[in-house]
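Novice: Chains G and L are the protein sequences, given in the same order.
Here our numbering is used: position 52 in the first sequence is 60, and no number is missing along the way.
Here our numbering is used: position 23 in the second sequence is 10, and no number is missing along the way.
One structure, pasted below without further comment.
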Amino acid sequence: DAGVTQSPTHLIKTRGQQVTLRCSPISGHKSVSWYQQVLGQGPQFIFQYYEKEERGRGNFPDRFSARQFPNYSSELNVNALLLGDSALYLCASSLFGGSQETQYFGPGTRLLVL
Amino acid sequence: AQSVAQPEDQVNVAEGNPLTVKCTYSVSGNPYLFWYVQYPNRGLQFLLKYITGDNLVKGSYGFEAEFNKSQTSFHLKKPSALVSDSALYFCAVRDPSTGTASKLTFGTGTRLQVTL
Chain G
9 DAGVTQSPTH LIKTRGQQVT LRCSPISGHK SVSWYQQVLG QGPQFIFQYY
59 EKEERGRGNF PDRFSARQFP NYSSELNVNA LLLGDSALYL CASSLFGGSQ
109 ETQYFGPGTR LLVL
Chain L
-12 AQSVAQPEDQ VNVAEGNPLT VKCTYSVSGN PYLFWYVQYP NRGLQFLLKY
38 ITGDNLVKGS YGFEAEFNKS QTSFHLKKPS ALVSDSALYF CAVRDPSTGT
88 ASKLTFGTGT RLQVTL
């Protein structure tokens, strides 16, 4: 079975631009979460979505937004990119987003902002 | 607020020797604890988790972890290290008493280097 997939794998943008990252969860998983991993640090929670609704948001500015589609795939959008947004963006899925569930991560999208 | 500390940036061990990667946590309620491993240019791979019950949890690839509530620790262990275990290891905690059920809080990671 396919795991969590993310696209694109790499992306280069310039400051001020906008970017959209995509994620497809494991088949049957209805919850998707997004994390940002800056080089040398652990992943930081950005969003959780379940059944197309936002269920949680981390300490990120409003430039970050996301949505979940009826097929449970998800997009993360970042507007007005800053140099500090350069990071590995990870998507994780779980069955229902419950607190005891394991989250399974995709390979990530590496974003470089110049 | 929940937090995780991984006090060692790097752990070096010879192949065949036991390894320990340390993790301590802070949560207001009962913690759910996780270990993940990250290989270069890859996402995170799940190793094991503690939810409740037996304090010794067994996971993938021969890894295990011991939950110690009094010391608020969840150290990762393996009896005999392999060179292929060399990677970046992350401890993570989830506090089910918070509003966001899914949110994992990660430590800064520990790089494990296993040498021949």
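The beta carbon of each residue, even a glycine, is placed where N, CA and C say it ideally should be.
Values in this document were obtained by computation on a predicted structure and should not be read as measured data.
1) Would DSSP call L/Val14 helix, strand or coil?
2) For a contact defined as C-beta to C-beta under 7 Å, what are the partners of G/Tyr7 on chain L?
3) Could you tell me if G/Leu91 is buried or exposed, where buried requires 16 or more neighbouring beta carbons within 10 angstroms of its beta carbon?
4) Give the straight-line distance between the Cα atoms of L/Val(-2) and L/Ser84, rounded to the nearest whole angstrom.
5) Select from L/Asp72, L/Leu31 and L/Pro66 the residue whose C-alpha is nearest the C-alpha of L/Val101.
6) Would you say G/Gln76 faces chain L, with C-beta separation under 9 Å as the test?
7) So, for L/Ala1: in the same chain, excluding its five sequence neighbours on each side, which residues have a beta-carbon less than 8 Å away from its beta-carbon?
8) Closer than 8 Å is the cut-off here; do at least three beta carbon pairs connect the stretch 30 to 46 of chain G with the stretch 89 to 103 of chain G?
9) Could you have a look at G/Val12 and say whether DSSP puts it in helix, strand or coil?
10) Taking G/Pro115 as the query, report the chain L residues whose CB atoms sit under 7 Å from its CB, ordered along the chain.
11) Note down the Cα distance separating L/Lys9 from L/Glu(-5), rounded to an integer number of angstroms.
Specialist: In short, the structure shows the following:
1) As a first step, residue 14 of chain L must be located in the second sequence, where it is residue number 27. Three-state result, L/Val14: coil.
2) In the structure as shown, chain G starts at 9 and stops at 122, and residue 7 of chain G therefore has no counterpart that could be examined.
3) By one-based count along the first sequence, residue 91 of chain G stands at place 83. G/Leu91 comes out exposed.
4) As a working mapping, residue -2 of chain L is identified with position 11 in the second sequence. As a working mapping, residue 84 of chain L is identified with position 97 in the second sequence. Going by the C-alpha atoms only, they are around 33 Å apart.
5) Against the second sequence, residue 101 of chain L aligns to sequence position 114. It is L/Asp72 whose Cα lies nearest to the Cα of L/Val101.
6) Stepping through the first sequence from its first residue, residue 76 of chain G is reached at position 68. Output row for G/Gln76: interface = no.
7) Numbered from 1 along the second sequence, position 14 holds the residue referred to as residue 1 of chain L. These residues qualify, in order along the chain: Ala68, Val101, Thr102 and Leu103.
8) yes
9) Counting from 1 along the first sequence, the entry for residue 12 of chain G is found at position 4. Reduced to three states, the DSSP call for G/Val12 is coil.
10) For the purposes of this step, residue 115 of chain G is taken as the residue at position 107 of the first sequence. Ordered by position in chain L, the residues that pass the 7 Å Cβ test against G/Pro115 are Arg29 and Gly30.
11) Taking the first residue of the second sequence as position 1, residue 9 of chain L is located at position 22. Taking the first residue of the second sequence as position 1, residue -5 of chain L is located at position 8. Rounded to the nearest angstrom, the two C-alpha atoms are 7 Å apart.
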